[in-house]
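Q:
Residue numbers (UniProt numbering): 1 to 246.
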């Protein structure tokens, strides 16, 4: 049986009054919103936890390791369900009901995705700091710097420069992982993909378009972060990407 190609179906109006192509654009907008918001929050959380994991204080480092193991080892889908369905039940009845009725699923999607991604970023940041020579800490102490200043001005800037390739990979993974938020009702690209497949018979065209959009998002992310890496590279400081080439 020959497949009936129809690329113009995206311009057609569905029985619910929505143009099919517009649904894809709406999904693209939500994907960008979820991915960028969750990664920004994940970067802040991941940096804080990664630094905590390297501090020579057993209590603080144990908290960081516990955080990493909890959020990294529980599947993302399960975490989203926990935030969306379970957490409101542990709050007071009024607060839980208010969350269910007034808070959009996109909020829970961003929260769940950011905690999951932050645990992975924390591991990368910890590895970056641990890879730095002890002499950098000693130099900071010799200058009379306090621990906070040593991390702020010496260790963290150097570590972040080294792990930009790893951060790039996590940013691209975060975009792909955003598709899981469809399970709690976020109308991102994959949600619209499933809806269009159910409403039309043009599965090949829809799949090609959605695949192309995910590729485009990740490719743009790669180019942006690669450009940042080149601008921040310090001659003589070997990054993880350079180590892979040796």
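Using N, Cα and C, we set each Cβ at its ideal position, and we do this for glycine too.
Per the DSSP calculation, residue 13 is bridged to which residue(s)?
A: In the chain shown, residue 13 corresponds to position 13, counting from 1. Its beta-bridge partners are 19.
Q: Going by C-alpha distance, which of 25, 233, 134 is nearest residue 161?
A: Here residue 161 refers to the residue found at position 161 when the chain shown is read from its first residue. Measuring from the Cα of residue 161, the nearest candidate turns out to be 233.
Q: Give the single residue among 6, 14, 24, 5 whose Cα lies nearest to the Cα of residue 212.
A: Residue 212 sits at position 212 when you count from the first residue of the chain shown. Cα-wise, what sits closest to residue 212 is 24.
Q: With distances taken from CA atoms, which of 158, 97, 144 is nearest residue 133?
A: As a position in the chain shown, residue 133 is number 133, starting the count at 1. If we check each option's Cα against that of residue 133, 158 comes out closest.
Q: Is the beta carbon of residue 12 closer than 8 angstroms to that of residue 20?
A: Position 20 of the chain shown, counted from the start, is the residue given in the question as residue 20. Position 12 of the chain shown, counted from the start, is the residue given in the question as residue 12. Yes; because the gap between Cβ atoms is below 8 angstroms, this pair is in contact.
Q: Near residue 50, what residues of its chain come up, given a Cβ to Cβ distance below 6 angstroms and the 5 sequence neighbours on each side ignored?
A: Here residue 50 refers to the residue found at position 50 of the chain shown. Hits under 6 angstroms: 122, 125, 126.
Q: For residue 55, I'd like the list of residues in its chain whose CB is within less than 7 angstroms of its CB, leaving aside the five on either flank, ordered along the chain.
A: By 1-based counting over the chain shown, the position of residue 55 is 55. Only 61 meet the Cβ criterion.
Q: CB of residue 92 to nearest heavy atom of the ligand SAH: below 7 angstroms?
A: Questions concerning the ligand SAH fall outside what the structure shown contains, since it holds no ligand whatsoever.
Q: Taking buried to mean at least 16 other C-beta atoms within 10 Å of its own C-beta, is residue 7 buried or exposed?
A: Within the chain shown, the letter at position 7 stands for residue 7. The residue is exposed, with fewer than 16 neighbouring Cβ atoms inside 10 Å.
Q: Taking the straight line between their C-alpha atoms, what separation do you get for residue 119 and residue 82?
A: Taking the chain shown and counting its residues from 1, one reaches residue 119 at position 119. Taking the chain shown and counting its residues from 1, one reaches residue 82 at position 82. Their Cα atoms are separated by approximately 17 angstroms.
Q: CB residue 45 to CB residue 114, shorter than 8 angstroms?
A: The residue given as residue 45 occupies position 45 in the chain shown. The residue given as residue 114 occupies position 114 in the chain shown. Contact: yes.
Q: Taking one C-beta from the stretch 92 to 109 and one from the stretch 30 to 38 each time, how about it: are there three or more such pairs within less than 8 angstroms?
A: yes
Q: Could you compute how far the alpha carbon of residue 169 sits from the alpha carbon of residue 84?
A: Translated into positions along the chain shown, residue 169 becomes position 169. Translated into positions along the chain shown, residue 84 becomes position 84. About 27 angstroms.
Q: Can you list, in chain order, the stretches of the alpha helix (DSSP H) that have 4 or more residues and sit fully within the stretch 123 to 189?
A: 134 to 142, 147 to 150, 156 to 162, 164 to 177
Q: Quick check on the DSSP output: the alpha helix (DSSP H) that includes residue 233 runs from which residue to which?
A: On the chain shown, position 233 is the one that residue 233 refers to. Per DSSP, residue 233 belongs to no alpha helix (DSSP H) and is neither H nor E.
Q: Check each candidate in 117, 74, 68, 53 and name the one with the smallest Cα separation from residue 128.
A: Here residue 128 corresponds to residue number 128 of the chain shown, with the count starting at 1. Selected option, being the one with the closest Cα: 53.
Q: Give the straight-line distance between the Cα atoms of residue 174 and residue 59, rounded to the nearest whole angstrom.
A: Here residue 174 refers to the residue found at position 174 when the chain shown is read from its first residue. Here residue 59 refers to the residue found at position 59 when the chain shown is read from its first residue. For residue 174 and residue 59, the gap between their C-alpha atoms comes out near 30 angstroms.
Q: Let's test the definition: count the other Cβ atoms within 10 Å of the Cβ of residue 89 and tell me whether it reaches 16, buried, or not, exposed.
A: As a first step, residue 89 must be located in the chain shown, where it is residue number 89. Exposed, since its Cβ has fewer than 16 Cβ neighbours within 10 Å.
Q: Taking the straight line between their C-alpha atoms, what separation do you get for residue 220 and residue 167?
A: Position 220 of the chain shown, counted from the first residue, corresponds to residue 220. Position 167 of the chain shown, counted from the first residue, corresponds to residue 167. When rounded, the distance between both Cα atoms is 14 angstroms.
Q: DSSP three-state call for residue 201: helix, strand or coil?
A: Position 201 of the chain shown, counted from the start, is the residue given in the question as residue 201. Residue state, collapsed to three classes: coil.
Q: With distances taken between CB atoms, is the gap from residue 181 to residue 34 smaller than 8 angstroms?
A: Position 181 of the chain shown, counted from the start, is the residue given in the question as residue 181. Position 34 of the chain shown, counted from the start, is the residue given in the question as residue 34. Going by C-beta atoms, residue 181 is nearer than 8 angstroms to residue 34.
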